[in-house]
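**Student:** In terms of our numbering, the sequence shown is residues 1118 to 1247. Glycine included, C-beta positions come from ideal geometry on N, C-alpha and C. Sharing a structure below in structure tokens format, with a few things to ask.
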Amino acid sequence: MARAYSLDLRERVVAAVEAGQSCRAVAKTFMVSVASVVKWSQRQRTSGSPAPQPVGGRKPYAVARERDWLLARLAEKPDLTLRVLLQELKDRGLVVSYYALWNFLQHEEITFKKKPPRLRTGPARRQKAA
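Dropping the structure here:
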């Protein structure tokens, strides 16, 4: 992805448009696209600055707003399935996908194992001869 144009260039472009030049003439003068000139001018009018918006970052999980309820529900009944949790979340007004809930629980390091580690079967190996 290309880098954003400098704030200095953006301010000069917006100043030229505000001085009365057309967007096409300003775009040709500063060798930028007409769409950029229009967008920067609109951003100047709406927010007061032609500065670029922040890029990147992570969005929080949609399920995060129900985190406390989910943790309490799992503490109350730890053997709930994801499908049951999905239905209960839907009843509470939050519709998310199976994988969104799965990822949230994985992020919270909540897993469900049917048997404790000591009772699970191990890989098949040769037994040592007596």
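Please report the Cβ distance between L1206 and E1183, rounded to the nearest whole angstrom; I am assuming they are in contact, meaning their Cβ atoms lie under 8 Å.
**Tutor:** Mapped onto the sequence shown, residue 1206 falls at position 89. Mapped onto the sequence shown, residue 1183 falls at position 66. Between E1183 and L1206 the Cβ distance is about 6 Å, and since that is below 8 Å, they are a contact.
**Student:** If you run the structure through DSSP and keep just helix, strand and coil, what is M1118?
**Tutor:** Numbered from its first residue, the sequence shown carries residue 1118 at position 1. Its pLDDT being 49, under 50, M1118 is placed unreliably by the model, and the measurement read from it follows with that caveat. Here M1118 sits in coil by DSSP.
**Student:** For A1121 and A1189, I'd like the C-alpha separation in whole angstroms.
**Tutor:** Mapped onto the sequence shown, residue 1121 falls at position 4. Mapped onto the sequence shown, residue 1189 falls at position 72. If you take the alpha carbons of A1121 and A1189, they lie about 45 Å apart.
**Student:** Measure from the alpha carbon of L1197 to the alpha carbon of each residue in S1158, S1166, L1218 and R1129, then state which is nearest.
**Tutor:** Along the sequence shown, one-based indexing puts residue 1197 at 80. It is L1218.
**Student:** What do you get for P1260, buried or exposed, if any count of 16 or more other CB atoms within 10 angstroms of its CB means buried?
**Tutor:** In the structure displayed, the chain extends from 1118 to 1247; residue 1260 sits before or after that span and is not available.
**Student:** Skipping 5 residues on each side, what residues in its chain have a beta carbon closer than 6 Å to that of R1160?
**Tutor:** The residue given as residue 1160 occupies position 43 in the sequence shown. Excluding sequence neighbours, R1160 sits near P1167.
**Student:** Check this for me: beta carbons of S1158 and V1180, under 9 Å apart or not?
**Tutor:** As a working note, residue 1158 is residue 41 in the sequence shown. As a working note, residue 1180 is residue 63 in the sequence shown. Cβ distance not < 9 Å, so S1158 and V1180 don't count as in contact.
**Student:** Return the CA-CA distance between K1145 and Q1204, expressed in angstroms with no decimal places.
**Tutor:** Locating residue 1145 in the sequence shown gives position 28, counting from the first residue. Locating residue 1204 in the sequence shown gives position 87, counting from the first residue. Each residue's alpha carbon lies about 57 Å from the other.
**Student:** Measuring only the C-alpha atoms, how far is D1185 from T1163?
**Tutor:** Numbered from 1 along the sequence shown, position 68 holds the residue referred to as residue 1185. Numbered from 1 along the sequence shown, position 46 holds the residue referred to as residue 1163. Rounded to whole angstroms, D1185 to T1163 spans 38 Å at the Cα level.
**Student:** With 16 other CB atoms within 10 Å as the buried threshold, where does M1148 fall?
**Tutor:** Within the sequence shown, numbered from 1, the residue matching residue 1148 stands at position 31. It is exposed - the Cβ of M1148 has fewer than 16 other Cβ atoms within 10 Å.
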